[in-house]
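Here the sequence shown is numbered in my numbering, starting from 33 and rising by one per residue. Glycine included, each C-beta is placed from N, C-alpha and C at the ideal position. Heads up: the structure comes next, in structure tokens.
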Amino acid sequence: MSAQCQLREFKDQQKDGAGVATLSSGAPVAEISSVQTVGKCGPMLLQDVNYIDEVAHFDRERIPERVVHAKGAGAFGYFQVTHDITKYCAAKLFDTVGKRTPIAVRFSTVARESGSSDTVRDLRGFAVKFYTEDGNWDIVGNNSPIFFIRDPILFPPLMHTRRNPQTHLKDASAFWDFNTLRPETTHQLMHMFGDRGIPNGYRFMHGYGSHTFKLVNCKGEAVYCKFHYKSAQGVQNLDVETANYLQYYDTDYAIRDLYDAIARGDYPAYNMSIQVMTFEEAENCKWNPFDLTKVWPQKMFPLIPVGRLVFDRNPTNYFAEVEQMALSPANMVPGIEPSPDKMLQGRLFSYGDTQRHRLGANFMQLPVNAPKGVCVKNYHRDGPMHFNDNQKGAPNYYPNSYGGPEPSQRARDLQGPYKVTGDVHRYDSGDEDNFSQAAVFWNKILDDAAKKRLVINMAMHVVNAEEFIQERVINMFAQVSPDLGECLRAELNLRKPAKM
Numbered sequence: 033m034s035a036q037c038q039l040r041e042f043k044d045q046q047k048d049g050a051g052v053a054t055l056s057s058g059a060p061v062a063e064i065s066s067v068q069t070v071g072k073c074g075p076m077l078l079q080d081v082n083y084i085d086e087v088a089h090f091d092r093e094r095i096p097e098r099v100v101h102a103k104g105a106g107a108f109g110y111f112q113v114t115h116d117i118t119k120y121c122a123a124k125l126f127d128t129v130g131k132r133t134p135i136a137v138r139f140s141t142v143a144r145e146s147g148s149s150d151t152v153r154d155l156r157g158f159a160v161k162f163y164t165e166d167g168n169w170d171i172v173g174n175n176s177p178i179f180f181i182r183d184p185i186l187f188p189p190l191m192h193t194r195r196n197p198q199t200h201l202k203d204a205s206a207f208w209d210f211n212t213l214r215p216e217t218t219h220q221l222m223h224m225f226g227d228r229g230i231p232n233g234y235r236f237m238h239g240y241g242s243h244t245f246k247l248v249n250c251k252g253e254a255v256y257c258k259f260h261y262k263s264a265q266g267v268q269n270l271d272v273e274t275a276n277y278l279q280y281y282d283t284d285y286a287i288r289d290l291y292d293a294i295a296r297g298d299y300p301a302y303n304m305s306i307q308v309m310t311f312e313e314a315e316n317c318k319w320n321p322f323d324l325t326k327v328w329p330q331k332m333f334p335l336i337p338v339g340r341l342v343f344d345r346n347p348t349n350y351f352a353e354v355e356q357m358a359l360s361p362a363n364m365v366p367g368i369e370p371s372p373d374k375m376l377q378g379r380l381f382s383y384g385d386t387q388r389h390r391l392g393a394n395f396m397q398l399p400v401n402a403p404k405g406v407c408v409k410n411y412h413r414d415g416p417m418h419f420n421d422n423q424k425g426a427p428n429y430y431p432n433s434y435g436g437p438e439p440s441q442r443a444r445d446l447q448g449p450y451k452v453t454g455d456v457h458r459y460d461s462g463d464e465d466n467f468s469q470a471a472v473f474w475n476k477i478l479d480d481a482a483k484k485r486l487v488i489n490m491a492m493h494v495v496n497a498e499e500f501i502q503e504r505v506i507n508m509f510a511q512v513s514p515d516l517g518e519c520l521r522a523e524l525n526l527r528k529p530a531k532m
């Protein structure tokens with residue numbers, strides 16, 4: 033049944049009637065629609081616990097929204113292994129062809145607030161939680177294989193360019209000022225202002241883990257890896273006119289499209305693949321393989337099929353299962369490890385930190401975040417909103433002589449030592465080959481029509497920036513290709529107001 037009919041569906045499922053309204057304590061409520069007063073027109077009473085219970089909870093309904101990825105949709109389903117990759121990875125969810133693992137997904141826009149439109153030009157989040165028998169594994173990715181920056185300390189200023197701190201308005205000058213001063217953003221900007229900058233909902237876009245990870249097999253042999261999800265529905269994008277129309281008339285278009293597709297049994301599916309790079313190949317690579325602003329060319333590192341993601345259940349409650357869903361790239365299982373990717377390493381801290389801010393110290397106990405089929409045993413105790421058995425009487429210190437949990441030998445065997453050398457320093461990577469892959473994208477991937485649309489889309493945004501910043505934008509993209517700079521200048525001149 034479609035999202036529009038959800039309330040009717042709920043009513044039809046209530047075989048025993050509506051039931052009795054209660055206070056939070058469970059006590060039945062005598063009256064819902066009026067407060068207690070002294071006489072019909074008199075003042076209300078402090079003893080009206082019905083009112084206090086209702087309003088005190090209402091005052092605390094909202095939790096902090098995500099500082100990024102605030103507007104999102106969610107679904108649940110399964111991952112099924114279709115191809116054997118145990119030669120690369122010992123993670124248990126991959127150990128048998130045909131094996132199914134429960135999963136959850138959260139799709140989102142990236143830089144927009146929770147009340148914004150689903151059809152704005154932006155990246156889209158594509159974050160998957162695998163409830164494996166070794167605990168939760170999260171791939172917190174996007175619909176882009178790359179990102180704007182390669183150093184995590186630049187993430188806060190990148191996000192701060194969204195709105196002016198005094199006017200609280202979107203500020204094209206601030207956006208392009210930052211991006212032209214950090215030209216490593218060039219490659220991602222071209223993807224975002226191209227056709228895939230406004231996907232047709234969440235079902236018709238690919239997903240990527242984006243970062244470089246490390247896979248370890250049962251022999252302790254390791255390779256580097258990237259994860260891809262290819263939409264089984266194909267790729268569809270919205271033109272600017274359609275996207276603008278939907279911004280006014282169906283703000284929640286992508287959420288509605290996903291919900292309705294699952295409700296009618298048209299389950300979205302995505303084919304998972306990996307790219308693999310050996311340590312030797314990484315050492316001899318002509319570019320930094322851990323640079324998030326660059327792709328691994330598929331001609332050099334072909335896609336290896338792994339399995340299929342299928343989403344066949346809608347959330348039963350948005351707040352409980354989507355808003356409170358907490359994903360983090362730090363959630364890894366034996367056989368999957370981080371690489372030297374600096375952006376990944378920065379996110380290993382920031383995601384858990386922001387979830388503790390949003391949801392509290394015990395956010396992993398929420399049903400949507402708790403591992404399934406795994407008994408959590410550790411030395412964590414107490415904290416606000418702790419609502420399970422607090423591990424009963426088990427020792428809360430380690431080491432101990434009283435039967436507390438011990439380290440896993442399997443996890444230890446799979447987490448072998450590795451060597452890292454170098455001088456400790458702050459290395460600014462802003463000038464590390466910012467244009468070669470952007471040039472390939474412009475010269476070899478885009479056809480003439482796609483190039484024209486990219487230039488128009490970009491000019492529509494850049495024209496709102498100050499003149500000197502517009503010049504910097506033109507000069508930056510001219511380093512990708514002189515004709516790109518020329519086309520952008522010509523389009524900007526057409527859009528500038530005539531001087532009197």
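Taking C519 as reference, the option from T386, A491, R132 with the minimal CA-CA separation is A491. Taking every protein chain shown into account, the CB of V255 has 16 or more other CB atoms within 10 angstroms, so this residue is buried. Per the DSSP secondary-structure output, Q441 pairs with nothing in a beta bridge.
For the options Q198, M222, N349, the alpha carbon positioned closest to that of N466 is the one of M222. In the DSSP assignment, M357 falls outside any beta strand (DSSP E), carrying neither H nor E. Residue L486 holds the alpha-carbon nearest to the alpha-carbon of E523 among Y302, L486, Q68. Here the stretch 294–311 lies against the stretch 259–270, with 3 or more beta-carbon pairs under 8 Å apart. Only residues of its own chain outside the window of five on either side were considered, and among them Y434, G436 have a CB closer than 6 Å to the CB of P427, listed in chain order. When DSSP states are grouped into helix, strand and coil, G167 belongs to the strand group. Distance from the CA atom of A393 to the CA atom of E63, rounded to whole angstroms, is 37 Å. CA-CA distance, L55 to N232, rounds to 43 Å. Bounds of any alpha helix (DSSP H) do not take in M396, whose DSSP letter is neither H nor E. Under the three-state reduction of DSSP, K161 is assigned to strand. T141 is bridged by DSSP to R156. Nearest to Q502 by C-alpha distance, out of N525, G378, K374, is N525. Contact between the stretch 240–257 and the stretch 196–203 is absent: fewer than 3 CB-CB pairs across the two stretches fall below 8 Å.
The three-state secondary structure of E369, taken from DSSP, is strand. Here W328 really is in contact with K258; their C-beta atoms are around 6 Å apart, less than 8 Å.
Following the DSSP letters along the chain, one finds I117 in no alpha helix (DSSP H), marked with neither H nor E. Here D166 is buried. Its C-beta has 16 or more other C-beta atoms within 10 Å. Shown here, C37 sits in a helix according to DSSP, grouped into three states.
Rounded to whole angstroms, the Cβ separation of I135 and G109 is 6 Å, and the two are in contact under 8 Å. In the three-state reduction of the DSSP assignment, D91 falls in the coil class. Annotated as distal: L516 and G226, with beta-carbon spacing of 8 Å or more. With contact defined as three or more Cβ pairs closer than 8 Å, the stretch 203–223 and the stretch 329–347 are not in contact. D385 and L270 have their C-alpha atoms some 35 Å from each other. In this structure, DSSP gives H260 an extended state, which the three-state scheme calls strand.
Y291 is not a Cβ neighbour of A497, given a cutoff of 8 Å. Counting only residues of its own chain and dropping the five nearest sequence neighbours on each side, Q279 has a CB closer than 8 Å to the CB of S149, T151, V152. Nearest C-alpha to M357 among K47, P75, V172, G49: V172.
If you compare the alpha carbons of Y120, F180, R132, N174 with that of L247, the shortest gap goes to Y120. The continuous alpha helix (DSSP H) containing G384 extends over residues 374–391. Close CB contacts of K103 within its chain, under the 8 Å cut and outside five residues either way in sequence, are with S140, T141, R144, E145, S146, G147, S148, D150 (chain order). A straight line joining the alpha-carbon of R235 with that of S513 spans about 33 Å. Runs of alpha helix (DSSP H) with 4 or more residues, each lying fully within the stretch 197–274, are found at 204–213, 218–224, listed in chain order.
Put simply, the backbone Cα of H219 is about 55 Å away from that of S57.
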